[in-house]
Every structure is written in C-alpha cells, then in structure tokens.
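Everything in the sequence shown is counted per our numbering, starting at 1 for the first residue and increasing by one.
All C-beta atoms, glycine included, are put in the ideal place defined by N, C-alpha and C.
Just so you know, these numbers come straight off a predicted model, no measurement behind them.
These notes concern the structure reproduced below.
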Amino acid sequence: GPYGIYIEMEDKEGEKPRRASVPKNIPLEQLNLEKASQLLSLPREVGKYPKSNETIIANNGRFGPYLKVGDYFISLKEDDVYTVGENRAIDLIEEHFQKIEKQTIGTHDNKELSVSKRGRIGYFLKNGTTSIRVPNEIDAKTISLEKAIELIEIKKEKDQAKKKKTKKKNN
1 GPYGIYIEME DKEGEKPRRA SVPKNIPLEQ LNLEKASQLL SLPREVGKYP KSNETIIANN
61 GRFGPYLKVG DYFISLKEDD VYTVGENRAI DLIEEHFQKI EKQTIGTHDN KELSVSKRGR
121 IGYFLKNGTT SIRVPNEIDA KTISLEKAIE LIEIKKEKDQ AKKKKTKKKN N
C-alpha cells in the first residue's frame, strides 16, 4: 500500500476487508498466521474509563501504540498494546490528565476560558475553538481573566486578518 506493507482479511462476502499495517520493526520473515491475526485484532476495547464512562481503545497508529478515551490519545511507551489491561490503562489516562492540569479562569463569549499545560510546549489558553500559547513572560498559573481575554481577542483579530488576506480567486 501507499503507507507500507499491510495484511488484509476478508470476513464475509460483500463486506469490506479488514486491514492492518505491518509495523516496520517486524521483519517479513517473522510474519505468520498467528502474528497476522494479532495485528488484525486491533483496535481492541480495553474497558471503560470510570469518570466519563467512555470506552478505552488500544490501537497502533502512525506514531506507535496508543490508548484512546474520548478525544484524548495517550502514547503507550512501555506497555504492550495487545496486553495492556483496564487497570493499567486507567492509571496511564489519569497520569496523562494530571499532566494537562486544566484550570478554568472564567467565561468569555459564553464559552469556558481555561488554562492548561500541554507537554513540553507550555501553557495554553483555550476559549471555545480558539487556542493560544501563553507567552513565557506571563505566569500562566496566576493569569487574570482580563489578561486572558485580551490575549484571546488579539488571537481572534489576527485570525480575522488572515481570513481577509486569503480570498478565493475566480477562474
């Protein structure tokens, strides 16, 4: 295929066949029926996340194995995507949510205005669909509602200016 080697299995006549990419770390010589059925077993349901009652799904993706719960994707660094259990998955999800550290400041334009930490990049302000990185000179943990609204409005103005510059051309 266009994204590398894959395996395919037809279930029933007329149904779309199931496909799975063969990871680059698996030599073709090691690919057998057992390994192929293991690859085709993904995505697999691990269990339910108790706080939101959403299904936890384990899968292999472009950037390696991961867990998915709701809209969140959590990388599986040391755990095996085929054997990770529900309790371990919940622990990894909890760790991930603790790293995010979401803090609601207030509301703006009838939408929640919050600050959250995302990985190595730093802190972000989020208001509806508008998201902006908090500059390093501003302490994100003590930012005022007024300053947060000011930063969001500046971002919205820049976005509007970009939209005006890129108008469609009629051919």
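Measure the CB-CB distance between residue i and residue j and report whether it falls below 9 Å.
{"i": "R133", "j": "I121", "result": "yes"}
{"i": "K24", "j": "G4", "result": "yes"}
{"i": "T55", "j": "G47", "result": "yes"}
{"i": "P50", "j": "I90", "result": "yes"}
{"i": "P43", "j": "K68", "result": "yes"}
{"i": "L92", "j": "D79", "result": "yes"}
Excluding the five sequence neighbours on either side, which residues of its own chain have a C-beta within less than 6 Å of the C-beta of residue i, listed in chain order?
{"i": "L145", "result": "I105, G106"}
{"i": "S131", "result": "F124"}
{"i": "F73", "result": "Y66"}
{"i": "I149", "result": "H108"}
Can you give me the C-alpha to C-alpha distance between residue i and residue j, rounded to a whole angstrom?
{"i": "F218", "j": "L76", "result": "Nothing can be reported for residue 218, as the shown portion of the chain is limited to 1 through 171."}
{"i": "E137", "j": "K164", "result": "30 Å"}
{"i": "A140", "j": "D159", "result": "22 Å"}
{"i": "F63", "j": "S37", "result": "21 Å"}
{"i": "G14", "j": "E45", "result": "25 Å"}
{"i": "I26", "j": "K162", "result": "45 Å"}
{"i": "Q30", "j": "E95", "result": "35 Å"}
{"i": "N32", "j": "K99", "result": "40 Å"}
{"i": "E143", "j": "P135", "result": "Note that residue 143 is Ile in the sequence shown, not Glu. When rounded, the distance between both Cα atoms is 11 Å."}
Within a Cβ cutoff of 7 Å, which residues of the same chain sit near residue i, ignoring the five residues on either side of it in sequence?
{"i": "E101", "result": "S116, K117"}
{"i": "M9", "result": "P17, R18, L40"}
{"i": "S114", "result": "K102, Q103, T104, I105, K126"}
{"i": "A20", "result": "Y6, I7, L39, L40, L42"}
Using only CA atoms, which one of the options lies nearest to residue i?
{"i": "V81", "options": "F73, A58, G47, S21", "result": "A58"}
{"i": "P2", "options": "N136, V22, E34", "result": "V22"}
{"i": "T129", "options": "K155, P135, I143, K147", "result": "K155"}
Only counting the same chain, and skipping five residues up and downstream in sequence, which positions put a Cβ closer than 8 Å to that of residue i?
{"i": "L28", "result": "I5, V22"}
{"i": "S52", "result": "V69, G70"}
{"i": "K147", "result": "I138"}
Any contact of the region 102-111 with the region 71-91, i.e. 3+ C-beta pairs under 8 Å?
No, because fewer than three Cβ pairs between the region 102-111 and the region 71-91 fall closer than 8 Å, the two stretches do not touch.
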